[in-house]
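Residue numbers (this note's numbering), protein chains in the order written: chain G, 1 to 311; chain S, 1 to 468.
Heads up, the thing below is written out as C-alpha cells.
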C-alpha cells in the first residue's frame, strides 16, 4: 500500500472521529444550558470550548461566550480547524485522493455527508436544531464506520482503525483532563451523588451515560467513574479500550514486523500506562499528571506511526 | 442521412426491434424517473467531467437511455479495421524512431514528421518492449451509410472515455435488466482485465518477476479525467500513483509504500509527454518524476504509452495511415480515412478556399472540437475570417468534407428523436492485439448539430454489440 494512501486513510478516520467528539460536546453544552445553572460553577459553554480545544480560536473571533456563537464555531466555522464542517470536509478531500483504497460504499458515505453539511451550513439554524445536528453528525460517522466494514481486511483497513483509536484515545484523555477535578476523591463532597452535573457532563460527552449504569451497579463513586474511563476494557471510549485496539490493528498490519519493532518502545510505554495501573495508583500519582502524561505518550506514538509508515 | 434504427423505407431495422418495443412501453413519467435515477447514480459515484473542490462546477455528461446498437456483422468489419490500423500505427512509430524505411521509400515525406512538436528526438534508436509504443488506441469512427464507416482520427497517447463505456453499461444493466434478457449483448466488463494483461505483457527487460508491478500515474485530482484514473486502477487492482509517491534509484523506479520502497515495472501514465520528466522535458513540471526517462531508456521500467507516440495521431500524419497499412502490413485498408486536403499544398489550398462553405476546416494541432470551421453551419463573416487565417498559415490547417453523420434514436424532452453520433472503440495492443466489443458512443444533443464533444453539448450512450 502506498504510504500516501495509508496516511490519507489514517486521517480520514481521525477527522470523522473528531467530528463526532465535537458534536457530542456541543450536545452536552446544550443539555446543560437547559438546566438551572448550579451556583459556583462556570458557564458550561466555557468548559465545552476548552474540552474542544477551541477556546483560544473562539476568543480571537468573539469577545463573549454565547450559545449561538459557540454552536456556529464548533459546528460550521471554516476558521476552526476542528469544527464538524472542517473535519468532514477534510475527510472528504482525503477520501477523494484515495478512492482506489475505498469501496464505493465508503466513498458514497463520506461524499454524502459532505454534500449534506454544505447544505446545512448554508441554512440559517435555530437553537432547537442543535440536537438534530448532533444526531445527524453521529449518524454520518456511524455510516462511515459501517461502510468501512465493506473494505478488504488489508493494511488500509487497519490504518483506518488505527486512526480511529489514536484519535479517540486522545479525545477521551483530553476530555478527562478538562474535568479531572470532579473525579478527585474530594469531589464526592461537592456533589455527593450521580446527580452531580459535572459527572453527567463527563459521562455524556463520552456517550457513556447509560453504559456506566449497566457496567457498575449500585454504588456510584468518583473512583468508579475514573476506572470506567481509564481502565475498563468494555467501555468503548476508555483509554484502555483504545490502546488495546491500537495494539491489535498495529499487529494486523501485513507490513509490520520490522516497523513494529521500531515503534515498539512507544507502544509499550502507552500500553503499560493502562495495563500496569490501578485506579488507586493513578489517583495517588495524580489524575491530572497521569492524563497529561498519557496524552504526550499517545502523541509520541502517533508521531512514530507517521514517521515510520507515511514518510 | 443514415438512420441507425430506421431503414430507408421507414421500417425498423431488425436489431432495433426489441429496443423499439421496449421504448413504447415506457411512459414519459417512467423516462423522467429513469433519467433522474441515472443522473443521481453518476453524481453519487462521482463520474463527473471535472472534479473540482467547489461542488458547483462538477458536471456530469448527459446520458441517453437508448442504446446505440451494432450488429455482429457490422462489428466484424470495425474490429478487423481497427486492429489493422493499430498494428500499422505501432509499426510506423517503431520505423519513425529507428530505421525510417517508410521515408526512404518515399511513401511519407520525412519533413512532415521531423518538424512536429510531438516528434520526440530522445526516442531515436530506442525500442520499447515488443516494439509497442501505443498499447491503447482510441479510434474515432463516424458512419455515413450501411457499410460506410470512416476513421475521423486516431488517439495514440492516452485516450480517455473508457470509464463511460463501462459505467454506461453498468447503469443500463441495473435499470433495465430485462433488456439484457431479450437481447444478447456482448460483455464489456472484462476490459480492465484485458487492459491489465496488456500492460503486464509489456514489462521491461529488467523485470524479474512473473507478475510485473503495474501502476497508473495520474496528474492528480484536479485533472478532468481523474475519475477515470481512479476507476481504472480500482478495477485493475493496481496502485494509482502521483509523482510524490515515486522516486528513482540506481536506474530503477520505486514507489513509497508502508512496506518500504517497491519496484515498479510498468507505468500506465495518464500525464502528457511534456510533464513526464522535468530532467528531460518541461523542467517546470511538478507532476512528473525526475529521472524516469533514464530508467525507461535502460530497461528498468516501461512507460505506456511511449514518449513521442503522439506523432502517430497527428492530423498531418493521419492522411498517410492507409499508406502505412499497405507499406507495413501489405494489406488493403479495411476502414477508410475521410478525404482530407492538406492546405500546405497550393492546389489543395485553392480547392479548399473555393469550396470552403461545403467543408470542415481544422487546425492541425487543435482538438476537442475547438479551432475548427464547419462550412455549412457558418456565417459569411466567419468564413471570410477563417479564410484569412488559412491563407496566412496554410501549413496549420487541413480540410475535410462535411460528413453526414448517422443518426441514432435519442430521448429529447422524453420524446424519441434522431441525433447524430460517433463511436470510439478502444483497441489494446500488447502480447495480443484485441478490441473490446463496445465503445463510447457520443451523441450531439443539439438538433442538427455535428459536434459530439462533451464540452459543446454532447452526451453519451451505452454501445451494444450483439452476439448474433
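Glycine residues also receive a C-beta, built at the ideal position from the N, C-alpha and C atoms.
- Burial state of residue 134 (chain G) is buried, judged by a 10 Å Cβ sphere holding 16 or more other Cβ atoms.
- The continuous beta strand (DSSP E) containing residue 427 (chain S) extends over residues 426 to 429.
- Taking 8 Å as the CB threshold, residue 81 (chain G) stays off the interface with chain S.
- Beta-bridge partners of residue 302 (chain S) (DSSP): S:266.
- Residues 360, 402, 450 of the same chain have their beta carbon placed closer than 7 Å to that of residue 374 (chain S), with the five preceding and five following residues left out of the count.
- When rounded, the separation of the alpha-carbon atoms in residue 31 (chain S) and residue 38 (chain S) is 10 Å.
- Between residue 73 (chain G) and residue 117 (chain G), the C-beta gap is not smaller than 8 Å, which leaves the two residues out of contact.
- Residue 363 (chain S) is bridged by DSSP to S:397.
- Pairing residue 262 (chain G) with residue 6 (chain G), the inter-Cα distance amounts to about 18 Å.
- In this chain, the alpha helix (DSSP H) harbouring residue 75 (chain G) covers 67 to 75.
- Between the alpha carbons of residue 140 (chain S) and residue 182 (chain S) lies a gap of roughly 29 Å.
- Rounded to whole angstroms, residue 415 (chain S) and residue 435 (chain S) show a C-alpha spacing of 34 Å.
- Residue-level contact check: residue 288 (chain S) does not touch chain G, since none of the beta carbons of chain G fall below 8 Å from its beta carbon.
- CA-CA distance, residue 423 (chain S) to residue 441 (chain S), rounds to 5 Å.
- Counting along the chain, residue 409 (chain S) sits inside the beta strand (DSSP E) bounded by residues 407 to 412.
- Look at the region 274 to 297 of chain G: it has no residue with a C-beta under 7 Å from a C-beta of chain S.
- Residue range 104 to 122 is occupied by the alpha helix (DSSP H) that includes residue 110 (chain G).
- Looking at the DSSP output, residue 24 (chain G) bridges to nothing.
- The region 112 to 157 of chain S is shown to contain whole beta strand (DSSP E) runs of 3 or more residues at 136 to 145, 148 to 155, in chain order.
- Using a Cβ-Cβ cut-off of 8 Å, residue 44 (chain S) is close to 108, 111, 112 of chain G, given in chain order.
- In terms of Cβ geometry, residue 397 (chain S) and residue 358 (chain S) do not form a close pair [threshold 8 Å].
- Counting the other CB atoms within 10 Å of its CB gives residue 10 (chain S) a total below 16, which places it among the exposed residues.
- Close CB contacts of residue 126 (chain S) within its chain, under the 7 Å cut and outside five residues either way in sequence, are with 97, 297 (chain order).
- Under the 8 Å criterion on CB atoms, residue 233 (chain S) is classed as interfacial with respect to chain G.
- Secondary structure of residue 344 (chain S) (DSSP, three-state): coil.
- G:23 is the residue among G:23, G:32, G:285 whose C-alpha sits nearest the C-alpha of residue 140 (chain G).
- For residue 246 (chain S), the uninterrupted beta strand (DSSP E) segment begins and ends at 246 to 249.
- Residues of the region 256 to 282 of chain S with a C-beta less than 7 Å from any C-beta of chain G: 256, 257, 258, 259, listed in chain order.
- Of G:68, G:81, G:14, the smallest CA-CA separation from residue 171 (chain G) is found for G:14.
- Fully enclosed beta strand (DSSP E) runs of no fewer than 3 residues occupy 214 to 217 of the region 176 to 226 of chain S, in order along the chain.
- The beta carbon of residue 361 (chain S) sits no closer than 8 Å to any beta carbon of chain G.
- Contacts with chain G at 8 Å (Cβ-Cβ) do not include residue 41 (chain S).
- Residues are counted here when their Cβ sits less than 8 Å from a Cβ of chain G; for the region 237 to 257 of chain S these are 239, 240, 241, 242, 244, 245, 255, 256, 257, given in chain order.
- With fewer than three CB-CB distances shorter than 8 Å, the region 213 to 221 of chain S does not count as touching the region 450 to 468 of chain S.
- What residue 164 (chain G) touches in chain S, judged by beta-carbon distance under 8 Å, is nothing: the nearest beta carbon there is about 17 Å away.
- A Cβ-Cβ separation of about 43 Å leaves residue 153 (chain S) out of contact with residue 259 (chain S) under the 8 Å criterion.
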